[in-house]
Ligand code: GDP
Ligand code: MN
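In my numbering, the protein residues as written are 67 to 447.
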């Protein structure tokens, strides 16, 4: 579960991580008042639950008071990656000397949390990792001991020349780690990017990203309370309500699969044959035709999808239910993209009969189905 920058910064603040002076606003007028209170210049920042907001024009510096409301109005009218901007953070504009990166995540191959730090802050860490991996300092942390003082200090020394700053950084990293553990932050990331050194010589969290571990939400009502449903990816919410797990990806092969393992294997195979999955959609066990209709609707609302691949290994899930769902979905909507189905297992023969005189393309082998879907996606471009 993701939360907004302003919420993450409130949490940072509560554990003593310094953040700029700032105020949340939902209207241009409110933004203007906030700017007056904070003092100009200010930075207006769209609050949306997706990355790449700066690049999309969602972060703007404003020097004059009379420009605050119009700029705020402009940002409030924006859509960033399909998500409407309804809130902006009015933030004190900080004089920056240099930008750094600090994040914590779980390294699956090490099976340990790792502290990730870099003097190349302000840009996406994935970019730094790809282009200049030597600029990343990674420190594995013993989960029983937490980051030891010397580890945090050494990381600090790799980033700063001054021991005083290295120490300040070390203290901050330890606070962030405590947060990571106490609030069950996600296996994905908790991130300060950029962490800035101000002209005044102190460290400040200028941006904040926190993802909570969904599987631990049940023991953290305080985390769940921060959920902003209206700001979440609408397709992911619809899926959750229907008992589906849907994750949007950037490719063009829409996938409907049962079981996370089969979903992964299907995505691997799509990549193997040179394609790109558009999503990960797991209809789970015991799928009714209605669930399939919802699944199809969700996938088709993604304009990037060029083909739909249905890969079902029927156990509890009955293949004829899946076929019924496909036929119903076809009836309800004018589906222009080709559908490739590979249905095996429980009631596969009935499914086969149902789909016999429909335009759904069938395949019996998984590799055949995937190859066909990838080819069709490429032809559709
Ligand atoms: P993101 O693009 O969505 O990650 O938004 P950030 O909050 O990280 O801001 C992007 C960039 O804008 C930062 O890396 C800074 O270079 C710049 N920026 C943001 N706030 C300030 C500020 O208060 N002062 C200055 N000088 N630059 C800022
Ligand atoms: Mn950022």
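Backbone N, C-alpha and C fix where the C-beta goes; we use that ideal spot for every residue, glycine too.
Bear in mind that the values here come from a model prediction, so they are computed numbers and not experimental data.
Between residue 293 and residue 67 the beta-carbon gap is near 6 Å, inside 8 Å, which marks them as a contact. Sequence-distant Cβ neighbours of residue 127 in its own chain, meaning closer than 7 Å and more than five residues away, are 107, 109 and 159. Pairwise C-beta distances place the stretch 373-389 in contact with the stretch 408-422, as three or more of them are shorter than 8 Å.
At least one heavy atom of the ligand GDP sits closer than 7 Å to the Cβ of residue 162.
When DSSP states are grouped into helix, strand and coil, residue 401 belongs to the coil group. Residue pairing of residue 408 in beta bridges, as defined by DSSP: 377.
For the ligand GDP, no non-hydrogen atom lies closer than 7 Å to the CB of residue 116. Rounded to whole angstroms, the separation of the alpha carbons of residue 419 and residue 297 is 43 Å.
Collapsing the DSSP output to three states places residue 355 in a helix.
Fewer than three Cβ pairs drawn from the stretch 220-227 and the stretch 188-200 lie within less than 8 Å of each other, which leaves the two stretches out of contact.
CA-CA distance, residue 322 to residue 400, rounds to 18 Å. The ligand GDP approaches residue 272 closely enough that one of its heavy atoms is under 7 Å from the residue's Cβ. Per DSSP, residue 368 is not a residue of any alpha helix (DSSP H), being assigned neither H nor E. For residue 262, the beta-bridge partners assigned by DSSP are 165 and 270. Residue 182 is bridged by DSSP to 169 and 204. In the structure shown, the three-state DSSP call for residue 197 is helix.
Between the alpha carbons of residue 363 and residue 185 lies a gap of roughly 45 Å. In the displayed model, residue 348 falls within a strand according to three-state DSSP.
Within the same chain, Cβ atoms closer than 7 Å to the Cβ of residue 393 are found at 420 and 424, the five residues on either side in sequence being excluded.
In the DSSP assignment, residue 89 falls within the beta strand (DSSP E) that extends over 88-91. Assigned with DSSP and collapsed to three states, residue 438 falls in helix.
For residue 325, the three-state secondary structure derived from DSSP is coil. The stretch 301-312 makes no contact with the stretch 370-381: fewer than 3 CB pairs, one atom from each, lie closer than 8 Å. Judged by DSSP in its simplified three-state form, residue 396 adopts helix. Residue 135 and residue 95 do touch by the CB rule: their CB atoms are close to 6 Å apart, below 8 Å.
As a beta-bridge residue in DSSP terms, residue 155 pairs with 90 and 111. Between residue 238 and residue 272, the C-beta gap is not smaller than 8 Å, which leaves the two residues out of contact. In the structure shown, residue 134 falls within a helical segment according to DSSP collapsed to helix, strand and coil. For residue 259, the CB falls within less than 7 Å of some heavy atom of the ligand MN. Cα atoms of residue 290 and residue 164: separation of roughly 35 Å, rounded to the nearest angstrom. For residue 119, the CB falls within less than 7 Å of some heavy atom of the ligand GDP. Setting aside the 5 residues that flank it on each side, residue 209 is surrounded in the same chain by 178 and 179, each with a C-beta closer than 7 Å to its C-beta; the list follows chain order.
Pairing residue 366 with residue 344 gives a Cβ-Cβ distance that is not under 8 Å. Look at residue 111: its beta carbon is less than 7 Å from one of the heavy atoms in the ligand GDP.
Not one heavy atom of the ligand GDP is found less than 7 Å from the C-beta of residue 184.
Pairing residue 87 with residue 155 gives a Cβ-Cβ distance that is not under 8 Å.
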